[in-house]
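Asks:
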Amino acid sequence: MIVDKKNSKSLIDSDIKWLTRAVSLARKGWGHVRPNPMVGCVLVKNGKVVGEGWHEEFGGPHAEVNALKMAGSNTQGSTAYVTLEPCNHYGKTPPCTNALIKAGVSRVIFGARDSSVGVVDGGQLLSESGIEVSGPLSDNALGYEVDPAFFHIKNQGCTYLAVKLAISSDERIAIKIGEKTSLTGLDANRKSHYLRGGFDAILVGSETAYVDDPLLTVRYGFKPRILPTRIVVDSRCRISSEARLLRTIDEAPVLVLTTQTAPLNRIRDLEKAGAQVEVVPEDNGRVNLEYALELCWKLGLTSILCEGGGKIASTFLNKGLVQRFYLFSAPISLGGQGVPAFPDTLCKPYGPGWRAVGDPLHLGSDVLITYDRKI
Numbered sequence: 476m477i478v479d480k481k482n483s484k485s486l487i488d489s490d491i492k493w494l495t496r497a498v499s500l501a502r503k504g505w506g507h508v509r510p511n512p513m514v515g516c517v518l519v520k521n522g523k524v525v526g527e528g529w530h531e532e533f534g535g536p537h538a539e540v541n542a543l544k545m546a547g548s549n550t551q552g553s554t555a556y557v558t559l560e561p562c563n564h565y566g567k568t569p570p571c572t573n574a575l576i577k578a579g580v581s582r583v584i585f586g587a588r589d590s591s592v593g594v595v596d597g598g599q600l601l602s603e604s605g606i607e608v609s610g611p612l613s614d615n616a617l618g619y620e621v622d623p624a625f626f627h628i629k630n631q632g633c634t635y636l637a638v639k640l641a642i643s644s645d646e647r648i649a650i651k652i653g654e655k656t657s658l659t660g661l662d663a664n665r666k667s668h669y670l671r672g673g674f675d676a677i678l679v680g681s682e683t684a685y686v687d688d689p690l691l692t693v694r695y696g697f698k699p700r701i702l703p704t705r706i707v708v709d710s711r712c713r714i715s716s717e718a719r720l721l722r723t724i725d726e727a728p729v730l731v732l733t734t735q736t737a738p739l740n741r742i743r744d745l746e747k748a749g750a751q752v753e754v755v756p757e758d759n760g761r762v763n764l765e766y767a768l769e770l771c772w773k774l775g776l777t778s779i780l781c782e783g784g785g786k787i788a789s790t791f792l793n794k795g796l797v798q799r800f801y802l803f804s805a806p807i808s809l810g811g812q813g814v815p816a817f818p819d820t821l822c823k824p825y826g827p828g829w830r831a832v833g834d835p836l837h838l839g840s841d842v843l844i845t846y847d848r849k850i
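Using the working numbering, read the sequence shown as starting at 476 and increasing by one per residue.
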């Protein structure tokens, strides 16, 4: 029978160990499998790993199938540790439940429930076939947190929004207003590009687009399956048609979200340069961000990484639209003249309603802490 664990403490230490390994495998699919979920699987027999795998490419074999292939003839009587409940439906590949049953797996422990609508529980079928099944687990880190965007999109039916911000030790984002300021080092910059590759779109406000003139492409050798669309929220179309975003239009699409107050000639100039320009309702003279996210959803942009600046990040936070926050901290002090990262103290990601995910990640002299909104 299936055991819905009220807490993962009922699992023995070795179970947690192998599930943690499955989590690390799942994350190797970052940027290569969306809109499918990232999934990892470890097959263990007599205390030893006999097979492991992850969902490597969209449309390719799932994690369980890759692990079974590696295990070969050692699958009989093994335990499968999977981050997501094994699928029980035909998509681009056959059901993983059938593969596990055929391989003679005796036990399956999974982290998160498969939330696909209209699908018979894979765990239920496995249990009915005589396999001991445990899951889902209450420990989010071993299930839900592997790919929170997937679950948000499936369960909420709206775009998943994350914010990435780099701040100084005194919580500033720039030396002064209107001046481009680089805070983080090479390792943190590489991580930022890695993160970009896992989202449908990268978003910035007009001030960042105007001051930094960013490319917003995925570089440092990372090659995601789908190049993220580059979004500029620009209520008056201030961005120049000669901006680097538009000079590299062949590398990735550019979407400009503006309002009716934008000059028509500016809209036409951006469209001639290759941008898609969408006029959305106003909110106190600026782009209505709730409507902007609804439009992005309709355009198929189901996950967005906002890279600032501080104003638009704070507005998203204050409106309760952010699900995840990547906070990079650099050991640099910018002083009292610097631009505050959090002009409204209520919107800090380490305040009420947020929780840190995992351990701080040290990237050279910089530190990345990831926060999720409490569910």
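We put the CB at the ideal spot given by N, CA and C, even for glycine.
Write down the C-beta distance between Gly522 and Met545 rounded to the nearest angstrom, noting that I regard them as a contact closer than 8 angstroms.
Replies: Not a contact, Cβ separation roughly 17 angstroms.
Asks: Pull up the distance between the alpha-carbon of Thr550 and that of Val580, whole angstroms please.
Replies: Taking the straight line from one Cα to the other gives about 6 angstroms.
Asks: Could you give the distance in angstroms between the alpha-carbon of Gly783 and the alpha-carbon of His627?
Replies: Their backbone Cα atoms lie some 22 angstroms apart in a straight line.
Asks: Are the CB atoms of Leu721 and Gly749 within a distance shorter than 9 angstroms?
Replies: Contact: yes.
Asks: When the Cα of Tyr825 is compared with those of Trp505, Gln735, Asn759, Leu792, which residue comes out closest?
Replies: Answer by Cα proximity: Leu792.
Asks: Tell me the DSSP secondary structure of Pro623 in three-state form.
Replies: DSSP places Pro623 in helix when its eight states are reduced to three.
Asks: What's the gap between the Cα of Val540 and the Cα of Thr845?
Replies: The alpha-carbon atoms of Val540 and Thr845 are separated by roughly 31 angstroms.
Asks: Please report the straight-line C-alpha distance between Gly504 and Asn740, rounded to a whole angstrom.
Replies: When rounded, the distance between both Cα atoms is 43 angstroms.
Asks: Does DSSP put Leu575 in a helix, in a strand, or in coil?
Replies: Looking at Leu575 - three-state DSSP - the assignment turns out to be helix.
Asks: May I ask you to report which of helix, strand or coil DSSP gives Ser667?
Replies: Ser667 falls in the helix class under three-state DSSP.
Asks: Contact between the segment 670-688 and the segment 506-518: three or more CB pairs below 8 angstroms?
Replies: Contact between the segment 670-688 and the segment 506-518 is present, because at least three Cβ pairs lie under 8 angstroms.
Asks: Please report how far the alpha carbon of Gly597 lies from the alpha carbon of Val608, in whole angstroms.
Replies: Looking at the two C-alpha atoms, the distance is approximately 10 angstroms.
Asks: Counting only runs that start and end within the segment 588-661, where is the alpha helix (DSSP H) found for 4 or more residues in a row?
Replies: If we require 4 residues or more, the alpha helix (DSSP H) runs fully inside the segment 588-661 come out as 597-603, 623-631.
Asks: With a 10 Å radius around its C-beta and 16 neighbouring C-beta atoms as the bar for buried, classify Leu661 as buried or exposed.
Replies: Leu661 should be labelled exposed.
Asks: Could you have a look at Leu838 and say whether DSSP puts it in helix, strand or coil?
Replies: Strand.
Asks: Can you tell me whether Lys666 is buried or exposed, with buried defined as 16 or more other CB within 10 angstroms of its CB?
Replies: Looking at its Cβ environment, which holds 16 or more other Cβ atoms inside 10 Å, Lys666 is buried.
Asks: Any chance you could list the beta strand (DSSP E) runs of at least 3 consecutive residues sitting entirely within the segment 537-573, in chain order?
Replies: Taking only runs of at least 3 residues, the beta strand (DSSP E) segments lying wholly in the segment 537-573 are 554-559.
Asks: Counting beta carbon pairs with one atom in the segment 627-643 and one in the segment 797-807, are three or more of them shorter than 8 angstroms?
Replies: Contact between the segment 797-807 and the segment 627-643 is present, because at least three Cβ pairs lie under 8 angstroms.
Asks: On a CA-only basis, which of Leu776, Thr733, Thr656 is nearest Glu757? Give me that one, please.
Replies: Of Leu776, Thr733, Thr656, the residue nearest in Cα terms is Thr733.
Asks: Mind checking Asp834: buried by the 16 CB within 10 Å criterion, or exposed?
Replies: When all chains shown are included, Asp834 counts as exposed.
Asks: At the level of alpha carbons, what is the spacing between Tyr556 and Ser590?
Replies: Using only the alpha carbons, I get a separation of about 18 angstroms.
Asks: Along the chain, where does the alpha helix (DSSP H) that runs through Ile487 open and close?
Replies: Premise fails: Ile487 is in no alpha helix (DSSP H) and is neither H nor E.
Asks: Taking the runs of the beta strand (DSSP E) that are 3 residues or longer, which of them lie wholly in the segment 755-788?
Replies: Those beta strand (DSSP E) runs which fall completely within the segment 755-788 and span 3+ residues are 778-781.
Asks: What does a CB cutoff of less than 6 angstroms around Glu726 pick up in its chain, not counting 5 residues either side in sequence?
Replies: If we look at Glu726 and ignore the five residues flanking it on each side, its Cβ neighbours are Thr692.
Asks: Closest by CA to Ala578, which one among Gly534, Glu532, Lys520?
Replies: If we check each option's Cα against that of Ala578, Lys520 comes out closest.
Asks: Grouping DSSP H, G and I as helix and E and B as strand, with all else coil, what is Phe854?
Replies: There is no way to answer for residue 854, as the model of the chain reaches only from 476 to 850.
Asks: Could you tell me the distance, in whole angstroms, from the CA atom of Gln735 to the CA atom of Glu746?
Replies: Taking the straight line joining both Cα atoms gives about 15 angstroms.
Asks: Going by DSSP, what residue range makes up the alpha helix (DSSP H) through Thr683?
Replies: Taken as a continuous stretch (DSSP letters only), the alpha helix (DSSP H) holding Thr683 covers 681-687.
Asks: Count the other C-beta atoms from every protein chain shown that fall within 10 angstroms of the C-beta of Glu444, then say buried if there are 16 or more, exposed otherwise.
Replies: A question about residue 444 goes unanswered here, because the residues of the chain that appear run from 476 up to 850.
Asks: Please name the residue or residues paired with Glu527 in a DSSP beta bridge.
Replies: DSSP, once it has assigned bridges, lists Val517 as partnering Glu527.
Asks: Rounded to whole angstroms, what's the CA-CA distance from Ile491 to Asn573? Just pull it up for me.
Replies: In a straight line, the C-alpha of Ile491 is about 25 angstroms away from that of Asn573.
Asks: Taking the Cβ atom as the reference point for each residue, do Pro536 and Phe625 lie within a distance shorter than 9 angstroms?
Replies: No, the Cβ-Cβ distance between Pro536 and Phe625 is not below 9 angstroms.
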